[in-house]
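Taking the numbering used here, the leading residue of the sequence shown gets 4, the next gets one more, and so forth. Glycine included, each C-beta is placed from N, C-alpha and C at the ideal position. Quick caveat, the model's predicted, so the values are computed rather than measured. Reviewing the structure listed below.
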Amino acid sequence: FHHLNGFEAPAIFNEDMVYAHKAVQAGYWIAYEPEAKVEHSHRYTSEEQFRRNFDNGVSQAMHPEVFQGLSSEKEGKKLLKQTVHELAGAGKWQQIPPFFWQCVCRYAGFFLGRHYRLLPQFLVKRCAMNVAFFQKRHSQ
């Protein structure tokens, strides 16, 4: 970890993926452990989902070498279809519209984040969850 200078700093998002890419490029291997389990969750509002996914889009735009060939949009569509199918199958129809709205907010944030360089700085800061990242970058 330290041999490769750790995580990029400042990092807006995906610092683990950016580091993993750097490690693979340096000749290290990444092990996949199918038995590993991690519980991680957030209870974000629609606005927070927008901001979080804006930061994700910025990260992907800043690191095309890491994310080229990966389709976040394709994974998002898969999540949408799978979740709607599960909710409908469980008779939880009332949960589908709010879930769909969350997906719209996620995608809108992600799309704008991927194109953050085209946005005025005040709007970037307004959209970001990690506002400090842009303040640090601007002051450097």
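Here Ile33 is near Ala23, since their CB atoms are less than 8 angstroms apart. One thing to note: Val61 has its Cβ within 8 angstroms of the Cβ of Gly116. When DSSP states are grouped into helix, strand and coil, Tyr22 belongs to the helix group.
If the five residues before and after Glu18 are omitted, its C-beta is found closer than 7 angstroms to the C-beta atoms of Phe10 and Glu11, all from its own chain and listed in chain order. It is roughly 34 angstroms from the alpha-carbon of Met20 to the alpha-carbon of Gly92.
In this structure, the CA atom of Ala135 is about 9 angstroms from the CA atom of Pro13. Around the beta carbon of Asn56, a 10 Å sphere encloses 16 or more other beta carbons of the protein chains shown; the residue is thus reported as buried. In the structure shown, Trp96 adopts helical secondary structure according to DSSP, grouped into three states. Under the 10 Å beta carbon count, Gln28 is surrounded by fewer than 16 other beta carbons and is classified as exposed. In the structure shown, the three-state DSSP call for Arg46 is coil.
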